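**Q**
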Amino acid sequence: MNVLVIGAGAVGSFLGATLAEAGETVCLLRRSGTAGFRQEMLTLGEPSGDVRDVQVGVAGSVDAVPWMPDILLFAVKMPDLPGALETAAHWPAATVLAVENGVGADDLIVDERPAAWLIAGSLTASLETDRGTIRRLSRGGLGLARVRGEGDGLVRELVAAFRSGGLRAAALSDAQEMRWSKLLANLLGNATSALLDVDPEVAYRDPDVFAIERRALREALAVMRALELRPVALPGADVRLLTVASRLPAALVRPIMVRVVARGRGGKSPSLRRHLESGRGPSEVSWLNGAVDRAARLVGRRAPVNLRLSELVEECTRDPERRAWFRGRPDRLAQEFSTPEGDVTRPV
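Adding 80 to a residue's 1-based position in the sequence shown gives its number in my numbering.
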């Protein structure tokens, strides 16, 4: 397979290098630096401490890509997806493999590329770039599911390639269930950690913050039930257990969840917290907590906790003083959520 990676950050580079190690022909589209085409060595670090170098192609422009891609691997933040689709228009027949967080990417891609095949991807491994090395902080894995087109055989081929390159991978039968299951994992300790500017396990140790988290999780699970979707086990993350956790008494489950969120990202800060720290551009919260609220409204319900979390993250993105107001103050965050717990996902 000829695979062109659009979005050559840590995730895109890691997935591209994994496929290259499996013998696939891979090119990273990286617009900064040299405009032509070159070969480059990527260094990958494993949780075990092992390090290896993998060679991939790098193109500085669409004109520099030396062959017609079979697969366009999208690995961009949701706000950057329109730009990725504009780039992908150069290869209208190529299959898109969209490794995205949140809910909403697949509909956008289908609208822009109605005739092309689409495969959804959900990555549960946590990655970071450290002095030129792409480090995998948690083992995790990659789930793949066909969205449109007769791509089941291609999904199996990709699963085999990722496994051959050393990444746990699995084919899932329902792309929506996979996306929503990954969304559940992405919600954990993400918005509250960003707002309080603390690690997720610190946020979860506060009873009031943990109550907010449980309400947000229960809203998301209720929306999934209304959509007739089931949480599924993702490679390296069996989010079905969150359904059980949402029903257990808080005093029993909170110590367990503190440990879960502490090790789930391999020590890496959640995406929304890192975004607020960077102070650059729009965040993905609209496709995370905001997506729960939008989906709830589509089925005639509401998800007020997820809506308010989304609003607060957006407020803090625009206003540093607003962010400073919440930093390290769970009491102030709790004041924003006065809706009784029994009202979550209530009918409109």
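Virtual Cβ for every residue (Gly too), placed ideally from N, Cα, C.
Everything numeric in this text was worked out from a predicted model, so none of it was measured.
1. Going by the beta-carbon positions, is the gap between valine 333 and arginine 320 smaller than 8 Å?
2. Specify whether the stretch 356-372 and the stretch 214-223 touch according to this definition: at least 3 beta carbon pairs, one from each stretch, less than 8 Å apart.
3. Does the beta carbon of glutamate 364 come closer than 8 Å to any beta carbon on chain D?
4. Should arginine 110 go down as buried or exposed, given a rule of 16 or more other Cβ atoms within 10 Å for buried?
5. Between the C-alpha atoms of arginine 193 and leucine 389, what's the straight-line distance to the nearest angstrom?
6. Does the distance from the C-beta atom of proline 350 to that of alanine 274 stay below 8 Å?
7. Does the beta-carbon of asparagine 266 have 16 or more other beta-carbons within 10 angstroms, so that it is buried, or is it exposed?
8. DSSP three-state label for methionine 47, please.
9. Put glycine 137 into one of helix, strand or coil per three-state DSSP.
10. Is the beta carbon of leucine 413 less than 8 Å from the beta carbon of valine 289?
11. Nearest by alpha-carbon distance to valine 145: which of Gly163, Asp130 and Thr105 is it?
12. Which residue from Pro315, Ala174, Met337 and Arg211 puts its Cα closest to that of leucine 322?
13. Kindly indicate which residue of Gly89, Arg377, Leu328 and Glu281 has the alpha-carbon position closest to the one of arginine 295.
14. Does the contact criterion of 3 or more C-beta pairs under 8 Å hold for the stretch 405-412 versus the stretch 373-384?
15. Count the C-beta pairs between the stretch 155-170 and the stretch 181-199 that are closer than 8 Å, then say yes if the count reaches three, no if not.
16. Hey, is the stretch 392-400 in contact with the stretch 250-269, meaning 3+ C-beta pairs nearer than 8 Å?
17. Quick one: Cα of alanine 115 to Cα of glutamate 308, how far?
18. Buried or exposed: which applies to valine 385, given that a residue is buried once 16 or more other Cβ atoms fall within 10 Å of its Cβ?
19. Could you check if threonine 213 is buried or exposed, using at least 16 other CB atoms within 10 Å of its CB as the buried criterion?
20. At what residues does the alpha helix (DSSP H) containing serine 244 begin and finish?
21. Can we say the stretch 89-105 touches the stretch 244-258, given the rule of at least three CB pairs closer than 8 Å?
22. In angstroms, rounded to a whole number, what distance separates the CA positions of aspartate 423 and glutamate 180?
23. Between the Cα of asparagine 82 and the Cα atoms of Cys107, Val303, Gly89 and Leu95, which residue gives the shortest distance?
24. Measure the C-alpha to C-alpha separation of valine 183 and glycine 380 and round it to an integer number of angstroms.
25. Glutamate 120 by DSSP, collapsed to three states: which one?
26. How would you call methionine 121, buried or exposed, if buried means at least 16 neighbouring beta carbons within 10 angstroms?
27. Where DSSP assigns a beta bridge to serine 202, which residues make up the other side?
28. Near arginine 343, what residues of its chain come up, given a Cβ to Cβ distance below 8 Å and the 5 sequence neighbours on each side ignored?
**A** The short version:
1. Sequence index remark: in the sequence shown, residue 333 carries index 253 (1-based). Sequence index remark: in the sequence shown, residue 320 carries index 240 (1-based). The answer is no: Cβ separation not under 8 Å.
2. no
3. Among the protein chains of the structure shown there is no chain D, as only one such chain exists.
4. Position 30 of the sequence shown, counting from 1, holds the residue named residue 110. That one is buried.
5. Position 113 of the sequence shown, counted from the start, is the residue given in the question as residue 193. Position 309 of the sequence shown, counted from the start, is the residue given in the question as residue 389. Approximately 32 Å between the Cα atoms of the pair.
6. Within the sequence shown, numbered from 1, the residue matching residue 350 stands at position 270. Within the sequence shown, numbered from 1, the residue matching residue 274 stands at position 194. Yes, these two residues count as a Cβ contact at 8 Å.
7. One-based indexing of the sequence shown puts residue 266 at position 186. Looking at its Cβ environment, which holds 16 or more other Cβ atoms inside 10 Å, asparagine 266 is buried.
8. The question about residue 47 has no answer, for the chain in this structure spans 81 to 428.
9. In the sequence shown, residue 137 corresponds to position 57, counting from 1. In this structure, glycine 137 counts as strand in the three-state DSSP scheme.
10. Indexing the sequence shown from 1 puts residue 413 at position 333. Indexing the sequence shown from 1 puts residue 289 at position 209. It is a contact, given that the beta carbons lie within the stated cut-off.
11. Your numbering for residue 145 matches position 65 in the sequence shown. If we check each option's Cα against that of valine 145, Thr105 comes out closest.
12. For the purposes of this step, residue 322 is taken as the residue at position 242 of the sequence shown. Per the Cα distances, Met337.
13. As a working mapping, residue 295 is identified with position 215 in the sequence shown. Considering only alpha carbons, the answer is Leu328.
14. no
15. yes
16. no
17. The residue you call residue 115 lines up with position 35 of the sequence shown. The residue you call residue 308 lines up with position 228 of the sequence shown. The straight-line gap from Cα to Cα measures roughly 48 Å.
18. Here residue 385 is taken as the residue at index 305 of the sequence shown, counted from 1. Burial call: buried.
19. By one-based count along the sequence shown, residue 213 stands at place 133. Answer is exposed; the Cβ neighbour count stays below 16.
20. Translated into positions along the sequence shown, residue 244 becomes position 164. Start and end: 232-244.
21. yes
22. As a first step, residue 423 must be located in the sequence shown, where it is residue number 343. As a first step, residue 180 must be located in the sequence shown, where it is residue number 100. For aspartate 423, the pLDDT reaches just 45, beneath the cut-off of 50, and the residue's location in the model is therefore unreliable, although a value from the coordinates is still provided. Roughly 31 Å between the two C-alpha positions.
23. Your numbering for residue 82 matches position 2 in the sequence shown. Of the listed residues, the one whose Cα sits closest to asparagine 82 is Cys107.
24. Your numbering for residue 183 matches position 103 in the sequence shown. Your numbering for residue 380 matches position 300 in the sequence shown. Using only the alpha carbons, I get a separation of about 18 Å.
25. What you label residue 120 is simply residue 40 of the sequence shown in a count that begins at 1. If DSSP states are grouped into helix, strand and coil, glutamate 120 belongs with the strands.
26. Mapped onto the sequence shown, residue 121 falls at position 41. Methionine 121 comes out exposed.
27. Numbered from its first residue, the sequence shown carries residue 202 at position 122. Serine 202 is bridged to Gly223.
28. Position 263 of the sequence shown, counted from the start, is the residue given in the question as residue 343. For arginine 343, where only same-chain residues beyond five positions count, the Cβ hits under 8 Å are Ser218.
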